[in-house]
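Taking the numbering used here, the leading residue of the sequence shown gets 372, the next gets one more, and so forth. Glycine included, every Cβ here is placed at the ideal spot set by N, Cα and C. Report on the following structure.
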Amino acid sequence: DDSEQARQTLLDIVSNLRGQLMDFQTQQIALENRLSNRESDVVSRERAVQIREESLVAGEQELKEKSENFREFTFHEYLEYAWAHYVDGNIDRCAHWFDKALNIPDLEPIKQSQ
Numbered sequence: 372d373d374s375e376q377a378r379q380t381l382l383d384i385v386s387n388l389r390g391q392l393m394d395f396q397t398q399q400i401a402l403e404n405r406l407s408n409r410e411s412d413v414v415s416r417e418r419a420v421q422i423r424e425e426s427l428v429a430g431e432q433e434l435k436e437k438s439e440n441f442r443e444f445t446f447h448e449y450l451e452y453a454w455a456h457y458v459d460g461n462i463d464r465c466a467h468w469f470d471k472a473l474n475i476p477d478l479e480p481i482k483q484s485q
């Protein structure tokens, strides 16, 4: 009877250990999945940062190209814009462009001599 009770106790211990082992395996799988998800998140974030950096570089290059191609309007171009707005009846925009024409830095010596 003692041997049967010892055998049953051993069977209960083995069954309990099997259950614990299955729990540990389930936890291990869950942890591996979380780690994999985190690694994916890190890769995604690194890619997002890389895309932002590439975008910034492209934006800087575009800005550099635009600034290299930028030129001030001539006095006559400003007057053409002013006249076009005057003809359209938009007196505010006409005044804006006329004012710009009169404030070209190249005109400063002419204004001062008058």
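| Query | Result |
| --- | --- |
| Three CB pairs or more closer than 8 Å across the segment 426-434 and the segment 396-411 | no |
| Residue environment, A454, which counts as buried when at least 16 other CB atoms sit within 10 Å | Note that residue 454 corresponds to Trp in the displayed sequence, not to Ala. Result: exposed. |
| N-terminal and C-terminal residue of the alpha helix (DSSP H) that F446 is part of | F446 to D459 |
| Beta-carbon proximity check, K471 vs Y457, cutoff 8 Å | no |
| For D470, the three-state DSSP class (helix, strand or coil) | helix |
| Member of E439, L473 and S438 whose CA lies at the smallest distance from the CA of E451 | L473 |
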